[in-house]
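Residue 160 is where the sequence shown starts when you use the working numbering, and the numbers rise one by one after that.
A short worksheet on the structure shown next.
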Amino acid sequence: MKYGTTVLDDIGNAHPRKNLRLREKGVLEEKLEQADKNERAAIRAELRALPKKADHPYEKDLRAVRDQEKKLLQGSKDRRRKFLSEIKDTDPKIRSWLLEAAESQERYRFYEQYQDLSYDFELEYKKNFDIAAQLPEAAAERRALLDQLDQAEADLQKAKSADNSAAKAAFEEFHAQRIAERDEQKAKLKQMRREGIISAKALQNERKMTDLAAEEDIKSKKRSLPSASAKDRVRNIRHKLKTEAVKKEKLLNADISDLRRRTPTETDKRIPWISWLTILLPGLGQLIIGQRLKSIFFFLGSLYIYLIAIPYALGNGNYRGDGIAGLFSLAAGGARLDRSIIFMIEGVIAVILLLLALLLYYFSFRDVHRNEKTEIRGIRLNNWFETRSSLRRDGFPFIVSAPAALVTIFIVALPIAVTMLISFTNYDPTHQSKFVWHGLVNFKQIVAGQGIAGGPFWLITGWTIVWTLLATSLAIFIGFTLALL
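Shown next, in the form of structure tokens:
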């Protein structure tokens with residue numbers, strides 16, 4: 160795969176390379192591709208004459224900035240300690256947001272001057288700029304809500320301590336009056352039912368509507384009480400505090416994700432080799448390419464492969480069978496209590512477990528291989544927020560149906576597979592405990608009309624054909640004839 164002079168973002172837009180070393184290689188590779196045979200030797204010589212990575216001026220500048228970046232990140236703890244001492248707010252969430260915003264402000268000022276050097280620096284600048292801009296606004300809105308909550312709680316305490324006997328008495332009077340009106344309306348409905356004016360179903364529906372109307376009126380009146388109104392306000396503000404914090408963080412993560420989709424990356428890699436080297440250990444490839452949380456799930460798959468599927472296929476953990484080997488031996492030469500059917504069933508289970516293991520190998524390899532090829536093109540790999548969003552959007556049907564699929568495999572597919580395999584053995588009333596593979600002998604007997612099953616098979620088949628013709632085709636013919644008459 161050639162470097163080229165441009166890289167793609169996730170949207171499909173082409174961006175010029177900022178890595179000057181890779182751009183020089185890309186330019187020469189494009190020239191080499193379009194050059195005549197006489198010019199190619201000179202271009203290849205130019206490619207070989209290009210400075211090595213360690214000696215290229217661009218790489219030296221990049222390493223110098225990386226060293227400054229390292230110092231910036233190392234000083235993060237001291238800066239955070241200083242920022243925390245300057246934050247006067249006592250709310251943990253606000254303190255966390257303001258701390259993150261202050262740190263991001265320092266970072267975006269650093270990355271701003273190096274945007275043209277690397278797309279990674281450009282992304283860091285834009286990301287930290289958004290964090291520094293959005294989190295203080297979110298903190299201010301949360302502080303306003305907390306102040307409203309303090310005021311609402313103070314109003315609630317004031318309402319509880321105040322003399323509300325007159326308001327309570329008025330509410331009790333309204334409550335009794337509204338209940339009496341409801342009962343009167345229900346009595347009228349009952350009388351209308353006796354007179355046959357309305358049906359039983361209408362009576363039932365009208366009663367429900369009457370009860371609901373009375374309940375709503377009583378609740379509405381209760382909210383007018385000072386204490387009840389204050390309680391509702393406190394409850395609403397607390398709910399808003401809880402939901403708004405999550406909403407603000409999701410919005411910020413979505414904005415950062417959008418920046419990542421629109422900002423490409425550059426890599427020296429031209430061949431997706433990590434997926435091939437890590438194919439035997441699902442999860443390792445994801446860990447190497449930086450998708451740590453996703454790698455945990457694939458590592459769980461590796462535990463299944465090497466602690467369950469492979470040991471079971473080798474006979475470890477079997478009830479009486481011998482894993483895959485038992486599917487071939489069918490307990491031949493085994494103990495008196497060994498039964499061929501058990502060996503066959505456990506052999507089929509071993510095959511199913513190994514097939515699931517192969518699927519895990521395939522999905523892990525495909526995921527890493529696809530991500531490597533994507534990164535080579537310039538598209539950034541998904542972070543955990545993007546992976547989780549993708550799973551919720553596209554993977555939900557598969558996640559929901561996976562347990563049912565597993566149950567179906569062992570409840571439906573397993574018995575069908577065992578039944579089909581038995582047809583290739585000499586299983587019969589005299590060979591129930593121990594039987595062996597017979598290949599196509601049973602099918603040959605059926606075709607020839609021999610043995611226990613061969614004779615009745617053709618009689619049953621003939622009767623089935625006759626019944627089909629008489630029960631369906633004849634009925635259609637008679638109906639067609641009658642229609643013509």
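From the three backbone atoms N, C-alpha and C, an ideal C-beta is built for every residue, glycine too.
Is residue i buried or exposed, if buried means 16 or more other CB atoms sit within 10 Å of its CB?
{"i": "Ala-261", "result": "buried"}
{"i": "Ser-324", "result": "exposed"}
{"i": "Gly-537", "result": "buried"}
{"i": "Lys-247", "result": "exposed"}
{"i": "Ala-373", "result": "buried"}
{"i": "Ala-509", "result": "buried"}
{"i": "Lys-378", "result": "exposed"}
{"i": "Phe-569", "result": "exposed"}
{"i": "Ala-490", "result": "buried"}
{"i": "Val-166", "result": "buried"}
{"i": "Asn-475", "result": "exposed"}
{"i": "Gln-336", "result": "exposed"}
{"i": "Ser-560", "result": "exposed"}
{"i": "Gln-445", "result": "buried"}
{"i": "Leu-641", "result": "exposed"}
Suppose you measure from the CA of residue i to the CA of residue j; what does that come to, to the nearest Å?
{"i": "Asn-541", "j": "Gln-293", "result": "22 Å"}
{"i": "Phe-639", "j": "Ser-632", "result": "10 Å"}
{"i": "Ala-634", "j": "Thr-620", "result": "21 Å"}
{"i": "Arg-239", "j": "Leu-411", "result": "21 Å"}
{"i": "Ala-494", "j": "Ile-504", "result": "17 Å"}
{"i": "Leu-599", "j": "Phe-583", "result": "6 Å"}
{"i": "Glu-408", "j": "Arg-268", "result": "22 Å"}
{"i": "Glu-198", "j": "Glu-531", "result": "33 Å"}
{"i": "Ala-213", "j": "Arg-421", "result": "30 Å"}
{"i": "Ala-173", "j": "Thr-164", "result": "10 Å"}
{"i": "Phe-456", "j": "Trp-626", "result": "56 Å"}
{"i": "Leu-439", "j": "Leu-243", "result": "47 Å"}
{"i": "Phe-458", "j": "Arg-529", "result": "18 Å"}
{"i": "Val-224", "j": "Tyr-520", "result": "40 Å"}
{"i": "Pro-556", "j": "Ser-548", "result": "14 Å"}
{"i": "Pro-615", "j": "Ala-630", "result": "22 Å"}
{"i": "Ser-235", "j": "Ala-404", "result": "25 Å"}
{"i": "Ala-321", "j": "Lys-406", "result": "38 Å"}
{"i": "Glu-300", "j": "Leu-400", "result": "10 Å"}
{"i": "Arg-383", "j": "Leu-348", "result": "In the sequence as presented, Arg is not what sits at residue 383; that position holds Ser. Taking the straight line joining both Cα atoms gives about 31 Å."}
{"i": "Leu-191", "j": "Ala-200", "result": "9 Å"}
With distances taken Cα to Cα, identify the nearest neighbour of residue i among the options.
{"i": "Glu-188", "options": "Tyr-273, Glu-205, Asn-178, Ala-173", "result": "Glu-205"}
{"i": "Lys-229", "options": "Tyr-270, His-597, Ala-563", "result": "Tyr-270"}
{"i": "Tyr-471", "options": "Ile-356, Leu-513, Lys-378", "result": "Leu-513"}
{"i": "Asn-585", "options": "Lys-603, Ala-630, Phe-333", "result": "Lys-603"}
{"i": "Leu-618", "options": "Ala-630, Leu-629, Arg-341, Ile-605", "result": "Ile-605"}
{"i": "Ile-575", "options": "Lys-211, Leu-443, Val-507", "result": "Val-507"}
{"i": "Lys-252", "options": "Leu-231, Thr-402, Ile-357, Val-566", "result": "Thr-402"}
{"i": "Leu-221", "options": "Ala-318, Lys-177, His-590, Gly-234", "result": "Lys-177"}
{"i": "Ile-396", "options": "Glu-425, Asp-309, Leu-466, Ile-415", "result": "Asp-309"}
{"i": "Val-502", "options": "Leu-517, Leu-473, Ser-523, Phe-522", "result": "Before going further, note that residue 502 is Phe rather than Val in the sequence given. Answer by Cα proximity: Leu-473."}
{"i": "Trp-543", "options": "Ile-581, Tyr-463, Ala-413, Ala-561", "result": "Ala-413"}
{"i": "Pro-423", "options": "Pro-210, Ser-277, Tyr-162", "result": "Ser-277"}
{"i": "Gly-449", "options": "Leu-418, Gly-480, Val-527", "result": "Val-527"}
{"i": "Ile-464", "options": "Asn-477, Gly-444, Leu-517", "result": "Leu-517"}
{"i": "Gly-185", "options": "Ile-170, Leu-209, Gly-171", "result": "Leu-209"}
Using 9 Å as the threshold, is the C-beta distance between residue i and residue j below it?
{"i": "Ala-291", "j": "Ser-263", "result": "yes"}
{"i": "Gln-344", "j": "Thr-369", "result": "yes"}
{"i": "Ser-592", "j": "Ser-499", "result": "yes"}
{"i": "Ala-468", "j": "Leu-436", "result": "no"}
{"i": "Arg-254", "j": "Asn-287", "result": "no"}
{"i": "Ala-311", "j": "Ala-359", "result": "no"}
{"i": "Thr-546", "j": "Leu-486", "result": "no"}
{"i": "Leu-257", "j": "His-215", "result": "no"}
{"i": "Ser-461", "j": "Pro-441", "result": "yes"}
{"i": "Arg-539", "j": "Tyr-162", "result": "no"}
The beta strand (DSSP E) with residue i in it runs from where to where?
{"i": "Pro-175", "result": "173-175"}
{"i": "Val-166", "result": "165-167"}
Just to confirm the assignment, what range does the alpha helix (DSSP H) spanning residue i have?
{"i": "Glu-281", "result": "278-320"}
{"i": "His-528", "result": "499-536"}
{"i": "His-334", "result": "324-353"}
{"i": "Val-571", "result": "Unbroken run through Val-571: none, as it is neither H nor E."}
{"i": "Asp-481", "result": "Element bounds for Asp-481: n/a, residue is neither H nor E."}
{"i": "Thr-437", "result": "From DSSP, Thr-437 is part of no alpha helix (DSSP H); its letter is neither H nor E."}
{"i": "Asp-220", "result": "216-233"}
{"i": "Tyr-463", "result": "451-463"}
{"i": "Glu-545", "result": "543-549"}
{"i": "Ala-490", "result": "Note, Ala-490: premise wrong, no alpha helix (DSSP H); not H, not E."}
{"i": "Arg-266", "result": "251-271"}
{"i": "Tyr-471", "result": "469-472"}
{"i": "Thr-631", "result": "Careful: Thr-631 lies outside any alpha helix (DSSP H) and carries neither H nor E."}
{"i": "Ala-494", "result": "Neither: Ala-494 is in no alpha helix (DSSP H) and is coded neither H nor E."}
Any C-beta of chain D sitting closer than 9 Å to the C-beta of residue i?
{"i": "Ile-170", "result": "Here chain D cannot be found, since the structure has a single protein chain."}
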